[in-house]
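Colleague: Protein chains in written order, with our numbering: chain A, 73 to 399; chain B, 821 to 1128; chain C, -2 to 246. Handing you this structure, nothing more for now.
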Amino acid sequence: MRRRSVVLAAGLALLLAVPPLAAIAGEPFAVTLASRVLIYALAAASLDFIVGYGGMVSFGHAAFLGLGAYTVGIVASHAFDGTAVPLLPFAWHGTDSALIQWPLAMLISALFALVIGALSLRTAGVYFIMITLAFAQMLYHLFLTLPTYGGQDGLNLWRRSEIPGLDLADDVSFYYLTLALLIISLLILKRLVHSRFGMVLRAGKQNEPRLQALGIPTVRYKLLAFVIAGAFGGLAGALTVNHTEFVGPGLLHWTRSGELLVIVILGGLGSLYGSVVGAAVLLILEEVIAGWTEHWMIVLGPFLVLVVLFARRGLYGWLAGREAEGD
Amino acid sequence: MTAQLVFEQTLNGLQQGVMLFLMAAGLTLVFGIMHLINLAHGSLYMVGAYAAATVIAVTGNFALAVAGAVVAAGLTGMVVELLALRRLYGRDHLDQVLATFGVILFFNELVKILWGAQALFMAPPAWLAGSVPILPGAAPYPAYRLFIIAVGLVVALGLRQLIVGTRLGMLIRAGATHRDMVGALGVNIDRLFTLVFALGAALAGLAGAMAGPLLAIEVGMGETILILTFVVIIIGGIGSVRGALVGALLVGVVDTYGRAFLPLALRTLLPPAAADGLGASISGIAIYVLMAGVLIWRPRGLFQAYGG
Amino acid sequence: MTDAILEVQGLSKFFGAVAASDSLTFQVERGCCHALIGPNGAGKSTAIAQITGEVRPDGGSIRFNGREISRWPVHRRARAGLNRSYQITSIFPAFSALDTVALAVLARQPHAFRFWRDARRDERLRRSARSFLDRVGLGDRADVRAGDLAHGEQRQLEVAMVLATNPQLVLLDEPMAGMGRAETQQMLDILRPLKGSLSLLLVEHDMDVVFALADVVTVLVKGRVIASGTPSSIRADADVRRAYLGDGA
Ligand SMILES: Nc1ncnc2c1ncn2[C@@H]1O[C@H](COP(=O)(O)OP(=O)(O)OP(=O)(O)O)[C@@H](O)[C@H]1O
Ligand SMILES: [Mg+2]
Chain A
73 MRRRSVVLAA
83 GLALLLAVPP
93 LAAIAGEPFA
103 VTLASRVLIY
113 ALAAASLDFI
123 VGYGGMVSFG
133 HAAFLGLGAY
143 TVGIVASHAF
153 DGTAVPLLPF
163 AWHGTDSALI
173 QWPLAMLISA
183 LFALVIGALS
193 LRTAGVYFIM
203 ITLAFAQMLY
213 HLFLTLPTYG
223 GQDGLNLWRR
233 SEIPGLDLAD
243 DVSFYYLTLA
253 LLIISLLILK
263 RLVHSRFGMV
273 LRAGKQNEPR
283 LQALGIPTVR
293 YKLLAFVIAG
303 AFGGLAGALT
313 VNHTEFVGPG
323 LLHWTRSGEL
333 LVIVILGGLG
343 SLYGSVVGAA
353 VLLILEEVIA
363 GWTEHWMIVL
373 GPFLVLVVLF
383 ARRGLYGWLA
393 GREAEGD
Chain B
821 MTAQLVFEQT
831 LNGLQQGVML
841 FLMAAGLTLV
851 FGIMHLINLA
861 HGSLYMVGAY
871 AAATVIAVTG
881 NFALAVAGAV
891 VAAGLTGMVV
901 ELLALRRLYG
911 RDHLDQVLAT
921 FGVILFFNEL
931 VKILWGAQAL
941 FMAPPAWLAG
951 SVPILPGAAP
961 YPAYRLFIIA
971 VGLVVALGLR
981 QLIVGTRLGM
991 LIRAGATHRD
1001 MVGALGVNID
1011 RLFTLVFALG
1021 AALAGLAGAM
1031 AGPLLAIEVG
1041 MGETILILTF
1051 VVIIIGGIGS
1061 VRGALVGALL
1071 VGVVDTYGRA
1081 FLPLALRTLL
1091 PPAAADGLGA
1101 SISGIAIYVL
1111 MAGVLIWRPR
1121 GLFQAYGG
Chain C
-2 MTDAILEVQG
8 LSKFFGAVAA
18 SDSLTFQVER
28 GCCHALIGPN
38 GAGKSTAIAQ
48 ITGEVRPDGG
58 SIRFNGREIS
68 RWPVHRRARA
78 GLNRSYQITS
88 IFPAFSALDT
98 VALAVLARQP
108 HAFRFWRDAR
118 RDERLRRSAR
128 SFLDRVGLGD
138 RADVRAGDLA
148 HGEQRQLEVA
158 MVLATNPQLV
168 LLDEPMAGMG
178 RAETQQMLDI
188 LRPLKGSLSL
198 LLVEHDMDVV
208 FALADVVTVL
218 VKGRVIASGT
228 PSSIRADADV
238 RRAYLGDGA
């Protein structure tokens, strides 16, 4: 317990100190990289919520990230050129306000999760993996070929979202806002994990038939967890598009879903906080190795196999001396 | 829309379906018997395509190229199975997915290093380059595509014969239902698994070689077909070779019809340019709608072989 | 007219050519302990699984409290008051014993869509769970991981879980499986007082246990009922002796 608190406090202090340290070192790019780490950590944490606690191995999490990002991108593009958002029963010309854009991104991703979840939770195990992957690919294909919103060229975000009292165009403000959202999201997810709802979710991962025999209709709980994960994935997407000021189908690519799973495993399955460690290690490693060779995947691939075969506890488990895999 | 067009598109659909079957058969066998979900199956397809393109560039002989692809993919599969995947048989699906994802990343990069990022192209052999008339009045149909359909049907029959008629097939069927029993019968189960894996890999290699003259041979080609193969297996039912065949043909035909006829149908409603743009993106999701329909109707696929 | 809590009528289930249930018909009277015995592979576990809904029968009807339930999903039957323990221990290994039972307590609430309060500090839940642990003699093992409990303790935990769901009919699939003498005796002491307030359907190989608990015994062979009656009449039945008790059991 103590060791865990120390690790968490140190981690938080480190994250808070990134912008000043980067300024001192004269490396402003570090803040950008760190923002990326936080966003991926958020996406991975939402994935960990269903994989690590709910036992639902989703290989389509990029869909929520991408959908959230496209939601913001599309709404902003209509605000930019003053056209109405299509398919709505009323005329709405989009907005730049984050207070509308970001919850909308969460809502759209959650709705998509509801549909996909309702279909894919009719089965389990390996079917679930393939179905989530397939539906995510469907979305990828859709955005790739739909000419209206940039097709394969994607959409530029001409203005970052607006929040009263904050200038998100400033990378440091953006970083701290992202950090705050990440922390709030992690606390909410942690809370959920330990609630009655979370208890059912965790029990279902261990022994779903038994849980049903106790009288609990497990699918409803899993579906809701899937929707919650989708919503937080959508929030990560809203942050991503603001971070890179661009969204393209690449964000929905299946390798992105794979990367998110890798982050979850690296950090430690069923640890939530581990996602931050996993994201930091993966993205920084990528940055470093990509500096030596453009073929960094040839290192990552076998590394991944080794991690799976030999290091299942995850980095967070190793750092915080904690049992991996839920509670 | 004429009967000829429908006929031609049906053949196109069958041809695509047959390719998918070659992929799905291996994947579903490996899952049905070893309970392994192998994302890297598409990499073996890619290996086959690159091997075929390389052999044909050197020798100019298509038959040799196909043989080379089958052997290269089969051997690659065997090595990967021996080095990594066999350690994953008892593990949970998450481990399998991640490790085989790692294998994909490795092979994609390796291919980039060996052959460069530029796509390769490969011509069909001269004796299959032309078109043949099949229906009076209809436009002649490319011989190479007919050849693919024929190869696929021969493989399907061969697989059936293998599974129903041979000792290996008996072990495969037994393995799918009573894993422990096969071990208890004194069969070397490790060797059986490696063999099955190599068989699936060789089929993927064959598919890659056959696809060579139709597609750009490039990194990432494996994953495009892998995901379609998943759709096939979800529709057909995991572990069932018959399901793989039916699912593959269904997906091939629906996908082809969607691409051919949806834009046409939309043209009656929208201006042509808009119809084609929208048609292209909507028709691409036809197979996913099909998959969703099957999931609602039969969550475990049309021919579920794998119990539990 | 008797008061049956469970009526199984013409139940059939085939696995390939194997008949696990073959026109299976019997009923459990309210408040009774009804034992289901038979040789290995007779179809006892399959019968239980069909009653709880885990296995779908090929045909036949199952009535619980007079209502046809054979098309209900598993969880709905459990909520209606039909609950079971497993021949092969089935628990939540990563949960503490207390959390395991708390989960069962939770299962009988209308729902568990409560998102904020920490379930580990939910005193009502824990108090209730603790009382069931005490009842099966696991009171001092509350904080041990279920997966780390001894085999006999896990069997007791299973019973605590079942009781915590507030059942009317409990299906016990070999509750003494793999237990030593003392543990069996302890389990008997847990089960005996349940009779009357609950109805029991007991699958058990240990004839001493069957004769100690059962009011009615039904003998199953190859999915069929070959005899049914009071323990003493079953003990005397020649068919049963031949088919099952044959070697002087
Ligand atoms: N899922 C299944 N698939 C195929 N056969 C099955 C399945 N479940 C049970 N069987 C078969 O059905 C028959 C009845 O099995 P069941 O487990 O119900 O017997 P049982 O009376 O509980 O035996 P035991 O005393 O050994 O527990 C057996 O022949 C068994 O092999
Ligand atoms: Mg049994």
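Don't be surprised by glycine CBs; every beta carbon is placed ideally from N, CA and C. For clarity, every value in this text was computed on a predicted model and none was experimentally measured.
1. Could you please give the first and the last residue of the uninterrupted beta strand (DSSP E) stretch that includes C:LEU198?
2. Here's the rule: buried if 16 or more other CB atoms are within 10 angstroms of the residue's CB, otherwise exposed. What is C:ASP234?
3. Taking only beta-carbon atoms, is A:HIS400 less than 8 Å away from chain B?
4. Going by alpha carbons, who is nearest to B:VAL971 out of B:LEU1110, B:ILE1105, B:VAL838?
5. With a threshold of 7 Å (Cβ to nearest heavy atom), would C:LYS41 be considered close to ligand 2?
6. Just to make sure I have the definition right: I need the residues of chain A whose C-beta is within less than 8 Å of the C-beta of B:PHE1081. Which are they?
7. Can you check whether the C-beta of C:PHE129 is within less than 8 Å of a C-beta belonging to chain A?
8. Beta-carbon within less than 6 Å of A:GLY320's beta-carbon, same chain only, minus the 5 sequence neighbours each way: which residues are those?
9. Does B:PHE1017 pass the burial test, meaning 16 or more other C-beta atoms within 10 Å, or should it be called exposed?
10. Less than 8 Å between the CB atoms is what I'm expecting for C:ALA44 and C:LEU33, so what's the real figure, rounded?
11. Beta-carbon of A:ALA392 versus every beta-carbon of chain C: anything under 8 Å?
12. To be precise: take each residue of the region 274 to 287 of chain A, compare its Cβ to all Cβ atoms of chain C, and keep it if any distance is under 7 Å. Which residues remain?
13. CB-CB under 7 Å to B:TRP935, same chain, minus the five flanking residues each way: which ones, in chain order?
14. Might you give, ordered along the chain, the residues of its own chain that have their beta carbon closer than 8 Å to the beta carbon of C:ALA209, omitting 5 neighbours on each side?
15. Name, going along the chain, the residues of the region 257 to 273 of chain A whose beta-carbon falls closer than 7 Å to a beta-carbon of chain C.
16. Which residue comes first and which comes last in the beta strand (DSSP E) that contains C:VAL25?
17. Using the rule of at least 16 other Cβ atoms within 10 Å of the residue's Cβ for burial, across every protein chain shown, is B:LEU840 buried or exposed?
18. Name the DSSP beta bridge partners of C:LEU34, please?
19. Using 8 Å as the threshold, is the C-beta distance between B:GLY985 and B:GLY1063 below it?
20. Any chance the region 142 to 158 of chain C sits against the region 92 to 103 of chain C, with 3 or more Cβ pairs inside 8 Å?
21. Rounding to the nearest angstrom, what Cα-Cα distance links A:LEU332 and A:VAL109 in this structure?
22. At 4 residues or longer, what runs of the alpha helix (DSSP H) sit wholly inside the region 188 to 245 of chain A?
23. On the three-state DSSP scale, how would you describe B:GLY1121?
24. Once DSSP output is grouped into helix, strand and coil, what is the label at C:ARG117?
25. Under the criterion of a Cβ to heavy atom distance below 7 Å, does C:GLN84 qualify as lining ligand 2?
26. Check whether the Cβ of C:SER87 lies closer than 8 Å to any Cβ atom in chain A.
27. List the residues of chain B that A:ARG75 touches, going by C-beta distances under 9 Å, in chain order.
28. Less than 8 Å separating the beta-carbons of A:LEU205 and A:PHE136?
29. For A:VAL198, decide whether its Cβ has a neighbour in chain B, counting only Cβ atoms nearer than 8 Å.
30. Would you grab the beta carbon distance between A:GLY287 and C:HIS72 for me? Rounded to a whole angstrom, and I think it's under 8 Å.
31. For C:PHE12, list the residues DSSP reports as bridge partners.
32. Would you kindly report the start and end of the unbroken beta strand (DSSP E) that includes C:PHE92?
33. Alpha helix (DSSP H) containing C:GLY226: first to last residue?
34. When you compare the CB of A:PRO321 with every CB in chain C, is at least one pair closer than 8 Å?
35. Classify C:LEU169 as helix, strand or coil using the three-state DSSP reduction.
36. Is it buried or exposed, A:PHE382, if we count other Cβ atoms within 10 angstroms and call 16 or more buried?
Modeller: Looking at the coordinates:
1. Position 201 of the third sequence, counted from the first residue, corresponds to residue 198 of chain C. Run containing C:LEU198: 196 to 200, per the beta strand (DSSP E) assignment.
2. Stepping through the third sequence from its first residue, residue 234 of chain C is reached at position 237. So C:ASP234 ends up on the buried side.
3. The structure shown does not extend to residue 400 of chain A, since chain A spans only 73 to 399, so no value can be given for it.
4. Taking the second sequence and counting its residues from 1, one reaches residue 971 of chain B at position 151. The shortest C-alpha separation from B:VAL971 is found at B:VAL838.
5. The count along the third sequence starts at 1 and reaches residue 41 of chain C at position 44. Answer for C:LYS41: yes, Cβ within range of ligand 2.
6. Stepping through the second sequence from its first residue, residue 1081 of chain B is reached at position 261. The contacting residues do not exist; B:PHE1081 stays about 17 Å from chain A at best.
7. Locating residue 129 of chain C in the third sequence gives position 132, where the first residue counts as 1. No, because no Cβ of chain A sits closer than 8 Å to the Cβ of C:PHE129.
8. The count along the first sequence starts at 1 and reaches residue 320 of chain A at position 248. So the qualifying residues of the chain are GLY226.
9. Numbered from its first residue, the second sequence carries residue 1017 of chain B at position 197. So B:PHE1017 ends up on the buried side.
10. As a working mapping, residue 44 of chain C is identified with position 47 in the third sequence. As a working mapping, residue 33 of chain C is identified with position 36 in the third sequence. 7 Å between Cβ atoms; contact.
11. Here residue 392 of chain A refers to the residue found at position 320 of the first sequence. False, the Cβ-Cβ gap to chain C never drops below 8 Å.
12. ALA275, GLN278, ASN279, PRO281, ARG282, GLN284, ALA285, LEU286, GLY287
13. Position 115 of the second sequence, counting from 1, holds the residue named residue 935 of chain B. TYR870.
14. Within the third sequence, the letter at position 212 stands for residue 209 of chain C. Here the set comprises LEU185, ARG189.
15. ARG263, LEU264, HIS266, SER267, ARG268, PHE269, MET271, VAL272
16. Taking the third sequence and counting its residues from 1, the one referred to as residue 25 of chain C is at position 28. Start and end: 15 to 26.
17. What you label residue 840 of chain B is simply residue 20 of the second sequence in a count that begins at 1. Burial call: buried.
18. Position 37 of the third sequence, counting from 1, holds the residue named residue 34 of chain C. Residue 34 of chain C is actually Ile in this sequence, not Leu. Partner(s): C:VAL216.
19. Translated into positions along the second sequence, residue 985 of chain B becomes position 165. Translated into positions along the second sequence, residue 1063 of chain B becomes position 243. Contact: no.
20. yes
21. The residue you call residue 332 of chain A lines up with position 260 of the first sequence. The residue you call residue 109 of chain A lines up with position 37 of the first sequence. Taking the straight line from one Cα to the other gives about 11 Å.
22. 197 to 217
23. Counting from one through the second sequence, the residue named residue 1121 of chain B turns up at place 301. The answer is coil: DSSP assigns B:GLY1121 none of H, G, I, E or B.
24. Position 120 of the third sequence, counted from the first residue, corresponds to residue 117 of chain C. Three-state DSSP puts C:ARG117 in a helix.
25. Position 87 of the third sequence holds residue 84 of chain C. Answer for C:GLN84: yes, Cβ within range of ligand 2.
26. Residue numbering aside, residue 87 of chain C sits at position 90 when the third sequence is read from its first letter. So, interface residue.
27. The residue given as residue 75 of chain A occupies position 3 in the first sequence. The contacting residues do not exist; A:ARG75 stays about 27 Å from chain B at best.
28. Mapped onto the first sequence, residue 205 of chain A falls at position 133. Mapped onto the first sequence, residue 136 of chain A falls at position 64. Cβ distance not < 8 Å, so A:LEU205 and A:PHE136 don't count as in contact.
29. Position 126 of the first sequence, counting from 1, holds the residue named residue 198 of chain A. Yes, A:VAL198 counts as interfacial toward chain B.
30. Position 215 of the first sequence, counted from the first residue, corresponds to residue 287 of chain A. Position 75 of the third sequence, counted from the first residue, corresponds to residue 72 of chain C. The pair is a contact, with the Cβ atoms about 5 Å apart (cut-off 8 Å).
31. For the purposes of this step, residue 12 of chain C is identified with residue 15 of the third sequence, where counting begins at 1. C:VAL15.
32. What you label residue 92 of chain C is simply residue 95 of the third sequence in a count that begins at 1. Note, C:PHE92: premise wrong, no beta strand (DSSP E); not H, not E.
33. For this step, residue 226 of chain C is matched to residue 229 along the third sequence. That residue, C:GLY226, is in no alpha helix (DSSP H); its beta strand (DSSP E) goes 221 to 226.
34. As a first step, residue 321 of chain A must be located in the first sequence, where it is residue number 249. A:PRO321 does not count as touching chain C.
35. Here residue 169 of chain C corresponds to residue number 172 of the third sequence, with the count starting at 1. In the structure shown, C:LEU169 sits in a strand (DSSP, three-state: E or B).
36. Stepping through the first sequence from its first residue, residue 382 of chain A is reached at position 310. Exposed, because fewer than 16 other Cβ atoms sit within 10 Å of the Cβ of A:PHE382.
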